[in-house]
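Throughout the sequence shown, residue numbering follows the numbering used here, covering 318 to 493 in sequence.
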Amino acid sequence: KQWYQRRVRGDVKLLSTKLQADLSKREDHYFIMRKNISIRLSMFFSMNLSQRGYTGKIEVNHKEGSLNMQLHMPNRKTHDVKSLSGGERSFSTVCFICSLWSLMESPFRCLDEFDVFMDLYNRRITMKMLIDYSKRADVRPSQYILLTPQNLSSVPEKDKVGMKILQLDAPARFED
Numbered sequence: 318k319q320w321y322q323r324r325v326r327g328d329v330k331l332l333s334t335k336l337q338a339d340l341s342k343r344e345d346h347y348f349i350m351r352k353n354i355s356i357r358l359s360m361f362f363s364m365n366l367s368q369r370g371y372t373g374k375i376e377v378n379h380k381e382g383s384l385n386m387q388l389h390m391p392n393r394k395t396h397d398v399k400s401l402s403g404g405e406r407s408f409s410t411v412c413f414i415c416s417l418w419s420l421m422e423s424p425f426r427c428l429d430e431f432d433v434f435m436d437l438y439n440r441r442i443t444m445k446m447l448i449d450y451s452k453r454a455d456v457r458p459s460q461y462i463l464l465t466p467q468n469l470s471s472v473p474e475k476d477k478v479g480m481k482i483l484q485l486d487a488p489a490r491f492e493d
């Protein structure tokens, strides 16, 4: 009986040692993967911003649990996101969301009123970016739901091929 107990204790210690080593390897792989995802996020963000002639990067600080977004715009001295106009901020937000989408799979991708503060120029670029993104061959197929109070007259008809567009009538206004 004692021999059996010693053997079981030895087996448990060996198993515990192996589990600790496996856990350590998994943690190492997790930290490497997390760093690579952060680098790719910043790279995709920069690529998306370039469609508007901007440059920028995203710095993820995992220890502090923070994310810092920096934008560099032509003819601007400041890089602070808080100083952007509503349309510029909306555009950079869509660039960030598309960057996140590039890193994850989801059967549905939704944006609601993403272009409400955009001027026609930013709206046209953003809609083209979203439409092109949804049709990319390297992106796993998803259903895109884009809700906007704006009309889609700025989207060329050729870009609307393969899309189902539902447009609601304007709400009835009752006067007293």
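A virtual CB, placed ideally from N, CA and C, is assigned to each residue, including glycine.
Three-state secondary structure assigned by DSSP to residue i
i    : result
D429 : strand
L384 : strand
G327 : helix
H389 : strand
K318 : coil
D477 : The residue you asked about is not Asp; residue 477 is Lys in the sequence shown. Looking at K477 - three-state DSSP - the assignment turns out to be helix.
CB contact flag (residue i, residue j, <8 Å)
i    : j    : result
T410 : H389 : no
F361 : S407 : no
Y461 : R426 : yes
S471 : L437 : yes
S359 : I375 : yes
Q368 : I442 : yes
Residue i versus the options, residue with shortest Cα-Cα distance
i    : options                : result
M364 : V478, P473, S416       : S416
E474 : K445, L384, Y450       : K445
E430 : P466, Y450, N439, R369 : P466
S355 : M435, L463, M421       : M421
L463 : G404, H346, Q484       : Q484
G382 : R351, V325, I414, W320 : R351
G404 : R393, Q322, F434       : F434
L366 : N439, E492, S451, P488 : N439
K477 : Y347, S451, R457       : S451
Between the CA atoms of residue j and residue i - distance to the nearest angstrom
i    : j    : result
L447 : E344 : 35 Å
N468 : S341 : 54 Å
H379 : S459 : 29 Å
R453 : C412 : 16 Å
P391 : D339 : 50 Å
V377 : V398 : 16 Å
G479 : K335 : 53 Å
> Fully enclosed by the region 393 to 475, which beta strand (DSSP E) runs are 3 residues long or longer?
Replying inline: 425 to 429, 460 to 464
> Which runs of the beta strand (DSSP E) fall wholly inside the region 332 to 380 and span at least 3 residues, in chain order?
Replying inline: 372 to 378
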